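Contents: one structure, followed by commentary.
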Amino acid sequence: DSPIDCMYGLWSEKTCECLCIQPYCTDLSGRCAAMFTCNPTNPWANCVRGVDCPWWKNTLKENSCATGPEIPNGVWEVWPTQKECCALYPQSEVCETLNKKEEENPPTP
1 DSPIDCMYGL WSEKTCECLC IQPYCTDLSG RCAAMFTCNP TNPWANCVRG VDCPWWKNTL
61 KENSCATGPE IPNGVWEVWP TQKECCALYP QSEVCETLNK KEEENPPTP
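Quick note on numbering: the sequence shown equals residues 1 to 109 in my numbering.
What follows is the structure, given as structure tokens:
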């Protein structure tokens with residue numbers, strides 16, 4: 001859990017800051033709420049799909065998750081992991097693969 005609500009972005013445990021979805025930037029409180037007062041950059045430009053890229057509801061396919069370095073315009077709800085997206089959209093093809101992996105290798109306590 002993040003110590004603040006990032007609003008239009010994701011909390012990064014690694015850097016302890018909000019990573020904002022373009023065109024948002026962090027405001028003085030650290031939330032992704034500022035627009036047009038900054039030069040937004042894509043914090044996921046160099047992420048590896050399926051490893052450290054954000055996840056979101058696929059806007060092109062119903063009840064489906066998507067991932068990648070470029071979050072589509074108009075998508076404001078993102079998750080840091082496949083598991084979090086799949087909890088909401090378990091019918092997604094990428095989630096079926098995750099579910100099979102978990103069945104084959106159940107977590108150990």
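Backbone N, C-alpha and C define an ideal beta-carbon position, used for all residues, glycine too.
All values derive from a computational prediction rather than experimental measurement.
Presumed contact (8 Å Cβ cut-off) between residue i and residue j, rounded CB distance
| i | j | result |
| --- | --- | --- |
| Ser64 | Asn73 | 18 Å between Cβ atoms; not a contact. |
| Ala87 | Pro69 | Going by Cβ atoms, the distance from Ala87 to Pro69 rounds to 23 Å, so no, they are not a contact pair. |
Residue j beta carbon less than 7 Å from that of residue i
| i | j | result |
| --- | --- | --- |
| Pro23 | Pro40 | yes |
| Gly9 | Ile21 | yes |
| Cys32 | Trp55 | no |
| Cys38 | Cys18 | no |
Three-state secondary structure (DSSP) of residue i
| i | result |
| --- | --- |
| Glu13 | coil |
| Cys95 | helix |
| Cys25 | strand |
| Glu104 | For Glu104, the predicted structure reports a pLDDT of 49, less than 50, and the residue's modelled location is therefore unreliable. The matter cannot be settled from this model. |
| Cys32 | strand |
| Trp44 | coil |
| Cys38 | coil |
Residue i beta carbon near the ligand ADP (any heavy atom closer than 6 Å)
| i | result |
| --- | --- |
| Ala87 | In the structure on display, the ligand ADP does not appear, and there are no ligands present to speak of. |
Cβ-based burial, residue i [other Cβ within 10 Å; buried from 16]
| i | result |
| --- | --- |
| Trp76 | exposed |
| Val48 | exposed |
Inset, instruction - List in chain order: all unbroken beta strand (DSSP E) runs of 3+ residues lying wholly within the segment 60-92. - result: Taking only runs of at least 3 residues, the beta strand (DSSP E) segments lying wholly in the segment 60-92 are 65-67.
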